[in-house]
Structures are given as structure tokens and as C-alpha cells.
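Undergrad: Sequential numbering from 16 applies to the sequence shown in our numbering.
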Amino acid sequence: MGIRKKIKKRLPIFGRKSPVSTSPSEPNRSSPPSWMEPEPEPQSPRGDVPVQEFLEKVIAENKVVLFMKGSPAQPQCGFSANAAGILASYGQPFKHVDVIIDFDVREGIKDFSQWPTLPQIYIDGEFVGGSDILSEMHQDGSLAELLQ
């Protein structure tokens with residue numbers, strides 16, 4: 016048995032055209048299913064607020080802020096995953112800002128802190144550093160003191 020016959024046997028819809036419905040009660044089967052439609056672009060939490068003002072506000076209103084790629088549940092880089100994991104291990108809530116969804120925030124935070132890399136961590140309104148510095152502070156116990 017050839018590969019096509021094996022596929023047709025296991026997937027009976029392979030190679031068949033689905034009938035197009037003309038009845039208003041039945042959906043048109045020729046259009047793609049709703050799960051295949053592209054998702055809307057994620058909106059920045061910043062909205063129309065200027066970047067500098069947004070950064071100042073987020074840092075001032077939260078004890079711990081992590082500017083990262085992705086989210087703690089779905090980090091988009093290893094350094095961001097490491098930083099989120101370390102902060103989560105202390106059991107205290109922290110604010111995260113996904114810099115991937117807003118290019119202006121991603122570049123703006125680098126200028127704001129004068130630090131060229133991400134993630135960036137702020138505690139009590141002060142810039143602490145990136146993932147490597149956070150790891151060192153976690154290991155030597157100084158991070159626990161800052162978070163109290």
C-alpha cells in the first residue's frame with residue numbers, strides 16, 4: 016500500500032473537497048475555522064501614556080518590578096525565566112512588564128536605567144540590575160534582605 020493510501024485510510028478527509036453550504040442555518044465549510052483566525056495583536060498596558068511617564072509610574076507604584084521578555088508563566092528568554100523564578104521563590108508578589116509587546120517600552124527601559132540588557136529588576140524604586148546580579152544577590156542572601 017502506498018503512502019497516499021495509508022494517509023487516506025487514516026485521515027478520510029485527505030484529498031476531499033468539503034461541500035459548500037448555501038443554507039443560512041449551516042456555516043460555510045469553505046471558510047477556515049475560527050481557531051485558525053489570527054489572534055489580535057497584544058495591546059501594551061502603557062496605552063497612550065508617554066514611555067518615560069509609564070516607567071516612572073510603574074516603578075513608583077510597585078515594590079518589585081521585573082521588566083522581562085514574556086511573562087513569568089511564559090518567559091520568552093532564559094534570563095527572564097531565571098529572574099522570574101528567583102523572584103517567585105520568595106513568595107512575594109511582583110509586577111512584571113512584558114517588553115516584547117511594546118518596542119518603545121523595551122528601548123525606553125534601557126535608556127531609563129542606562130543598562131543595555133533585559134531583564135531588569137527594580138526594588139523599592141531602585142534599579143537592582145539584571146538576571147546575573149539578581150542570581151548573585153539571591154545566592155549571597157542580600158536579595159532576601161531587600162525584599163523584606
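Don't be surprised by glycine CBs; every beta carbon is placed ideally from N, CA and C. No experiment lies behind these values; they were computed from the predicted model shown.
Can you grab the Cα-Cα spacing for the pair L149 / K21, in whole Å?
TA: Cα-Cα distance, rounded: 55 Å.
Undergrad: Starting from Q135, trace the beta strand (DSSP E) in both directions and tell me its first and last residue.
TA: Element bounds for Q135: 135 to 138.
Undergrad: Okay, do the segment 131 to 145 and the segment 71 to 87 touch, 3+ Cβ pairs below 8 Å being the bar?
TA: Cβ pair count under 8 Å is three or more, so yes.
Undergrad: Are there 16 or more other CB atoms within 10 angstroms of the CB of F118, so buried, or fewer, so exposed?
TA: exposed
Undergrad: Which runs of the alpha helix (DSSP H) spanning at least 4 residues fall entirely within the segment 71 to 119, listed in chain order?
TA: 93 to 103
Undergrad: Could you compute how far the alpha carbon of V143 sits from the alpha carbon of V64?
TA: 25 Å
Undergrad: What first and last residue would you give for the beta strand (DSSP E) that runs through V64?
TA: It is not in any beta strand (DSSP E) - V64 carries neither H nor E in the DSSP assignment.
Undergrad: For the alpha helix (DSSP H) containing S157, name the first residue and the last one.
TA: 157 to 162
Undergrad: Inspect the beta-carbon positions of A96 and H111 and report whether they are closer than 9 Å.
TA: no
Undergrad: What number of angstroms, rounded off, separates the C-alpha of K72 from the C-alpha of S157?
TA: 26 Å
Undergrad: Among G106, P108, D113, which one has its Cα closest to the Cα of Q58?
TA: D113
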